[in-house]
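K.L.:
Position 131 of the sequence shown, counted from 1, bears residue number 124 in the numbering used here, the numbering being contiguous throughout. Structure below; questions to follow.
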Amino acid sequence: MNGERLGEILERRLGLSRTAVEDALGRQKHKGGRLGEILVERGQLSEADLLAALGEQFGLEVVTRLGEPAAEARKRLPLPFLKKCRLVPVHLDDGRPAVALHDPALLFAADDCARLLGWDEAAYVLAPAGEILAGIHALYDLESHSEAAEQVIEHIEARPDAVLSEMVLDSDLLDDAGEAPVIRLVNLMFSQAVRDRASDIHIEPYRNRLKIRQRIDGILYDMLTPPAHVHAALVSRIKVMANLDIAEKRLPQDGRMEIRIGAVAVDVRVSTLPTGYGERVVLRLLYKSSVLKRLTDLGMGDDTLAQFEDLIAAPHGIILITGPTGSGKTTTLYAALATLNRSDRNIITIEDPVEYRIEGISQMQVNPAIGLTFASGLRTIVRQDPDVILVGEIRDAETAEIAIQAALTGHLVFSTLHTNDSVSAVTRLIKMGVEPFLIASALNAAVAQRLVRLLCGACRQPFTPPAELLRSLGLAEDRFASTRLYRAVGCPECRRLGYRGRTGIFELFVLDDAIRTLVTSGREAAAIAAAARSAGMRTLVEDGLRRIEAGETTIEEVFRVTRL
């Protein structure tokens, strides 16, 4: 271990300001916690940068991807020990036995782990929390210490009268292997979804079967196919966990629950919908451990990022983020707020729902049942002396008008709209009844975005696109003549999907004087878009082509998300 403090290393390596370090140290003094984790939570530091700094401080190797977990650990090391200390024994890609940990202050626990396994010369490496958790799941997956999914389903088929039993809802689902079959099936479903980092689980009843699917990186994949008669018990179990009315099957219901899988805490939003064959259930998984992203983590090109940073530094006006559901709009908004979050700014949000809690920002959730809508909440917020306001979504004319007035009276307002491109934000506001001259005066910019899947770096293969494909997409046959492209293949690293993770592509529409004149005069969207292109705006497809040429994604993926 070298003599430098972590704060000093962060200042030297990353240029982190002394003020940021001192603020975090102040919070650490009053509320406890690790300095690095406080900075990561505030969005001032990425987990990768923190691990690199800790590795330098403690003289430890940093590994971003772990090898196979050591199978012998399952019998010799208790699950609670690994979860509590956030460490896992593995065999690295070069064959070395190693104990991967996230917090070097727990090296003594890693040493105990190696000793219990009989490893005389084990390496100690730092790894991301997600990789360590994945390793723990691989060792203690429900499928490895209880019946596999098929066995659970067979058990249920043999006992169709299986009844629900209670489970302590704040317990770790990995520890609940001794419960009734339906409960084990629910636990297995959640465990697999969290392991795969799924964002949604769909439970869909049909005439003779029940289909369970999960959405990973924006794509739905089949998960389980239990027999149809399991449906009622399965939905009832979920309703019990979400505190919903199990007797009400004719009306839609919404609820929530909190679950824990290993060290991962997940907030689950539950939505039920009556159909001809029973209730359809969608579970939205919000990971509490998700780190607030910085603007530099979103995937914006350097020029787009520089423009966007200038825009969010403006003292007043509206910035809109547009795109369909699941396109990352909220993540972009939170990254912007994290950048602006300073002690000299008053930032207030109204959201539906509040997905991330950010220290230093006042966040309010809409509640239509008591009359707290976006419009009524926004009307109250402007009386709270805010500098920056976030409105989760502009859904109606009243909300739009209040947001416009707030922007014109010296506030910086962020919000979202559901439009297919950035220029259409102007058209949507006009259709809501907002006068064009008010839009021209208040709107600073609109950003359209989509999420594209990233190719798995371990298995992607060089690829020459056929001329027919390029022609069908409206691209010149020599468009990629001097560029090496790649295609998705699939391997164990990416669970045979060919892709791993997602990034954003962006279309930034900035209103200059010429465009404001077009908006005020009521010109159609095509004319405004042409003027924006002439001023240098890069479309979503063009930004996607940039990611294709960088070897990060595929032609099919870009056109899948941009041609909606």
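By construction, the Cβ of each residue, glycine as well, lies at the ideal position given by its N, Cα and C atoms.
May I ask you to report which of helix, strand or coil DSSP gives A438?
P.N.:
Translated into the one-based positions of the sequence shown, residue 438 becomes position 445. If DSSP states are grouped into helix, strand and coil, A438 belongs with the strands.
K.L.:
Can you name, in chain order, every residue of its own chain whose Cβ lies under 8 Å from the Cβ of A528, other than the five neighbours on each side?
P.N.:
Position 535 of the sequence shown, counting from 1, holds the residue named residue 528. Same-chain partners within the cutoff: V503, D505, A507 and I508.
K.L.:
Quick check: the Cα distance between I548 and T457, rounded to an integer number of angstroms?
P.N.:
Position 555 of the sequence shown holds residue 548. Position 464 of the sequence shown holds residue 457. Distance between the alpha carbons of I548 and T457 is about 11 Å.
K.L.:
Classify T297 as buried or exposed, calling it buried when 16 or more other Cβ atoms lie within 10 Å of its own Cβ.
P.N.:
The sequence position of residue 297 within the sequence shown is 304, counting from 1. Flag for T297 reads buried.
K.L.:
Candidates A368, E65, A474 and L53: which alpha carbon is nearest A98's?
P.N.:
The count along the sequence shown starts at 1 and reaches residue 98 at position 105. Per the Cα distances, L53.
K.L.:
Between the Cα of V259 and the Cα atoms of G128, A299 and R188, which residue gives the shortest distance?
P.N.:
By one-based count along the sequence shown, residue 259 stands at place 266. Looking at the Cα atoms, R188 is the closest of the given residues.
K.L.:
With DSSP as the reference, label T315 as helix, strand or coil.
P.N.:
Position 322 of the sequence shown, counted from the start, is the residue given in the question as residue 315. It is a strand residue.
K.L.:
Whole-angstrom Cβ separation of V228 and D247, contact assumed at under 8 Å?
P.N.:
Taking the sequence shown and counting its residues from 1, the one referred to as residue 228 is at position 235. Taking the sequence shown and counting its residues from 1, the one referred to as residue 247 is at position 254. Actually they are not in contact, since the Cβ atoms of V228 and D247 sit about 14 Å apart, beyond 8 Å.
K.L.:
DSSP puts R82 in a beta bridge; with which residues?
P.N.:
Counted from its first residue, the sequence shown places residue 82 at position 89. One point to set straight first is that residue 82 is Pro, not Arg, in the sequence displayed. V92.
K.L.:
Where does I354 land, buried or exposed, given buried means 16+ other C-beta within 10 angstroms?
P.N.:
Numbered from its first residue, the sequence shown carries residue 354 at position 361. The residue is buried, with at least 16 neighbouring Cβ atoms inside 10 Å.
K.L.:
State the CB to CB distance for the pair L44 and P121, rounded to an integer number of angstroms; the pair is presumed to be in contact (CB under 8 Å).
P.N.:
Along the sequence shown, one-based indexing puts residue 44 at 51. Along the sequence shown, one-based indexing puts residue 121 at 128. The pair is a contact, with the Cβ atoms about 7 Å apart (cut-off 8 Å).
K.L.:
Do the segment 475 to 494 and the segment 414 to 422 make contact, defined as three or more Cβ pairs closer than 8 Å?
P.N.:
Too few Cβ pairs lie closer than 8 Å, so no.
K.L.:
In its own chain, which residues sit with a C-beta less than 6 Å from the C-beta of E542, not counting the 5 before and 5 after it?
P.N.:
As a first step, residue 542 is located in the sequence shown; it is residue number 549 there, counting from the start. Correct list, in chain order: T476.
K.L.:
Would you mind reading off the limits of the beta strand (DSSP E) that contains G260?
P.N.:
As a working note, residue 260 is residue 267 in the sequence shown. For the sequence presented, residue 260 should be read as Asp rather than Gly. Residues V257 to T268.
K.L.:
Output the distance between the C-alpha atoms of G171 and R177, rounded to the nearest integer angstrom.
P.N.:
For the purposes of this step, residue 171 is taken as the residue at position 178 of the sequence shown. For the purposes of this step, residue 177 is taken as the residue at position 184 of the sequence shown. Because G171 sits at a pLDDT of 47, beneath the cut-off of 50, its placement in the model cannot be relied upon, and the following sentence gives the value as read from the coordinates. If you take the alpha carbons of G171 and R177, they lie about 8 Å apart.
K.L.:
Would you identify the three-state DSSP class for E65, choosing helix, strand or coil?
P.N.:
As a first step, residue 65 is located in the sequence shown; it is residue number 72 there, counting from the start. E65: coil per DSSP, three-state reduction.
K.L.:
Please report how far the alpha carbon of L560 lies from the alpha carbon of D290, in whole angstroms.
P.N.:
This structure cannot speak to residue 560, because the chain is shown only from -6 to 557.
K.L.:
Where does R335 fall in DSSP's three states?
P.N.:
Here residue 335 corresponds to residue number 342 of the sequence shown, with the count starting at 1. DSSP places R335 in coil when its eight states are reduced to three.
K.L.:
Cutting at 8 Å between CB atoms, please list the residues of its own chain near L157, excluding the five before and the five after it.
P.N.:
Here residue 157 corresponds to residue number 164 of the sequence shown, with the count starting at 1. Bear in mind that the predicted position of L157 carries a pLDDT of just 36, short of 50, making it unreliable; the figure below should be weighed with that in mind. A173, V175, I176, A226, S229, R230 and V233, listed in sequence order.
K.L.:
Enumerated in chain order, which unbroken segments of the beta strand (DSSP E) with a length of 3 residues or greater are wholly contained in the segment 480 to 520?
P.N.:
Within the segment 480 to 520, the complete beta strand (DSSP E) runs of at least 3 residues are 492 to 503.
K.L.:
Distance, Cα to Cα, T546 vs G211?
P.N.:
On the sequence shown, residue 546 is found 553 positions in, with the first residue counted as 1. On the sequence shown, residue 211 is found 218 positions in, with the first residue counted as 1. Approximately 14 Å between the Cα atoms of the pair.
K.L.:
What does a CB cutoff of less than 6 Å around A93 pick up in its chain, not counting 5 residues either side in sequence?
P.N.:
On the sequence shown, residue 93 is found 100 positions in, with the first residue counted as 1. Excluding sequence neighbours, A93 sits near L59, V81, V83, V118, A120 and I125.
K.L.:
Does the pairing of the segment 206 to 224 with the segment 189 to 197 give three or more beta-carbon distances under 8 Å?
P.N.:
Judged by Cβ distances under 8 Å, the segment 206 to 224 makes contact with the segment 189 to 197, as three or more pairs qualify.
K.L.:
On the DSSP letters alone, give me the boundaries of the beta strand (DSSP E) that F456 sits inside.
P.N.:
Here residue 456 refers to the residue found at position 463 when the sequence shown is read from its first residue. F456 -> beta strand (DSSP E) spans Q454 to F456.
K.L.:
Can you tell me where the alpha helix (DSSP H) holding S184 begins and where it ends?
P.N.:
Your numbering for residue 184 matches position 191 in the sequence shown. Run containing S184: P174 to R188, per the alpha helix (DSSP H) assignment.
K.L.:
What are the uninterrupted segments assigned as beta strand (DSSP E) that are 3 or more residues long and contained completely in the segment 354 to 415, given in chain order?
P.N.:
Runs found: 355 to 358, 381 to 384 and 405 to 410.
K.L.:
With contact counted as at least three CB pairs below 8 Å, one residue from each stretch, are the segment 371 to 387 and the segment 328 to 342 in contact?
P.N.:
Yes, the segment 371 to 387 is in contact with the segment 328 to 342.
K.L.:
When the Cα atoms are used, what is the spatial distance from A439 to V384?
P.N.:
Translated into positions along the sequence shown, residue 439 becomes position 446. Translated into positions along the sequence shown, residue 384 becomes position 391. Computed Cα separation, rounded: 14 Å.
K.L.:
Taking the alpha carbon of G370 as the reference point, which residue from A390, I395, E(-3) and E348 has its own alpha carbon closest?
P.N.:
If you number the sequence shown from 1, residue 370 lands on position 377. Nearest of A390, I395, E(-3) and E348 to G370, Cα basis: I395.
K.L.:
Would DSSP call V228 helix, strand or coil?
P.N.:
Mapped onto the sequence shown, residue 228 falls at position 235. In the structure shown, V228 sits in a helix (DSSP, three-state: H, G or I).
K.L.:
Does DSSP put G537 in a helix, a strand or coil?
P.N.:
Indexing the sequence shown from 1 puts residue 537 at position 544. Three-state result, G537: helix.
K.L.:
Applying the 10 Å Cβ sphere with the 16-neighbour rule, what's the burial state of F101?
P.N.:
By one-based count along the sequence shown, residue 101 stands at place 108. F101 is exposed by the Cβ-count criterion.
K.L.:
Would you decide whether L462 is buried or exposed? Buried here means 16 or more other CB atoms lie within 10 Å of its CB.
P.N.:
Counting from 1 along the sequence shown, the entry for residue 462 is found at position 469. Exposed: under 16 other Cβ atoms inside 10 Å.
K.L.:
Ends of the alpha helix (DSSP H) at K286?
P.N.:
Position 293 of the sequence shown, counted from the first residue, corresponds to residue 286. Run containing K286: none; DSSP gives neither H nor E here.
K.L.:
G19 to M425, Cα distance in whole Å?
P.N.:
Translated into the one-based positions of the sequence shown, residue 19 becomes position 26. Translated into the one-based positions of the sequence shown, residue 425 becomes position 432. If you take the alpha carbons of G19 and M425, they lie about 47 Å apart.
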